[in-house]
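Colleague:
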C-alpha cells in the first residue's frame, strides 16, 4: 500500500538512482542470487526527511533472545506469509506489526531484485520506500525487536562512524557505529551499497579493521 507524494516532501533524486540500480540488479551485484527452495522474505528500506534538512532511515535492533541474528541491527521485515500478494505487502505488514508503522504514510518506490542470505537460506527482497507522511513508531513486538530508531544518513556517511568489520570465520565487510547501533553483516552491506550507489557516501578508511564485538560471536 502507498500514497502519492502529493504536497509532502518528495524523495531525493539519489534514491531514484538507487531504485534504478536495484531494479537492474546492480545494487547488490556482488551478493549471491537466491537458489530454488529459498524461503522468501522482504525488508523495508524506509527513508524519510529529517530535521537537519537531509534524510534518515528506519532501523531496528533485534531482541537478544532470538535464535538467529540476536541483537543485530536490521531493516524492518520478515518472512512472506500466505496473505501477502507481493514483497511490498510483506515489508509493510512486518513493519506495522513490529514498530507500528502506518502504511498509508509510506510511498513505496519499488521492489529491488532479491538477493540471497545463505546463512539462513532466505531470499530477501529489499523494498525501497519514502516516508512522505512520517508518524510515530515504537517497539510493538519486544519478542522480536529490542529498539527502533531513525538514523541520520548524514551520520551514516560520516567517516568517523565507519570501519571494516572482520569475523573469525573470515567475513570482512563494511561496518557502522551510530547512535549506539552497531551495524554489520547483511544490513551494513545493503546500506553501504545504497549510500555508494546513490552518490552520497563519503570516503572512509577501509583499512581500519575491527573485529565484530564478542556478543555477536556466539
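In UniProt numbering, the protein residues as written are 1 to 218. Each residue gets a CB set at the ideal place from its N, CA and C atoms; glycine is no exception.
(1) Tell me which same chain residues have a C-beta within less than 6 angstroms of the C-beta of residue 57, skipping the five on either side of it?
(2) Going by C-alpha distance, which of 202, 54, 22 and 196 is nearest residue 9?
(3) Could you tell me whether the region 182-195 touches the region 21-30, using the rule of 3 or more Cβ pairs below 8 angstroms?
(4) On a Cα-Cα basis, can you pick out the residue from 213, 21, 166 and 147 that is closest to residue 110?
(5) Beta carbon of residue 88, beta carbon of residue 127: below 8 angstroms?
(6) Do the region 31-42 and the region 198-216 make contact, defined as three or more Cβ pairs closer than 8 angstroms?
(7) Nearest CA to the CA of residue 79: which residue from 136, 102, 174 and 120?
(8) In terms of alpha-carbon separation, which member of 93, 94, 101 and 209 lies closest to residue 176?
(9) Hey, would you say residue 225 sits closer than 8 angstroms to residue 32, going by beta carbons?
(10) So within the UniProt domain "Nudix hydrolase" (37-177), which uninterrupted beta strand (DSSP E) runs reach at least 3 residues, ignoring any that extend past its ends?
(11) Do residue 44 and residue 11 have their CB atoms nearer than 8 angstroms?
Modeller: With the given structure in hand:
(1) Excluding the 5 residues flanking it on each side, residue 57 has same chain C-beta neighbours closer than 6 angstroms at 47 and 151, in chain order.
(2) 54
(3) The region 182-195 makes contact with the region 21-30, as at least three CB pairs between them are under 8 angstroms.
(4) 21
(5) yes
(6) With the cut-off at 8 angstroms, the region 31-42 and the region 198-216 do not touch.
(7) 120
(8) It is 209 whose Cα lies nearest to the Cα of residue 176.
(9) Coverage of the chain is limited to positions 1 through 218, which leaves residue 225 absent and any answer about it impossible.
(10) 39-49, 55-62, 77-79, 107-111, 115-117, 122-130, 145-152 and 162-166
(11) no
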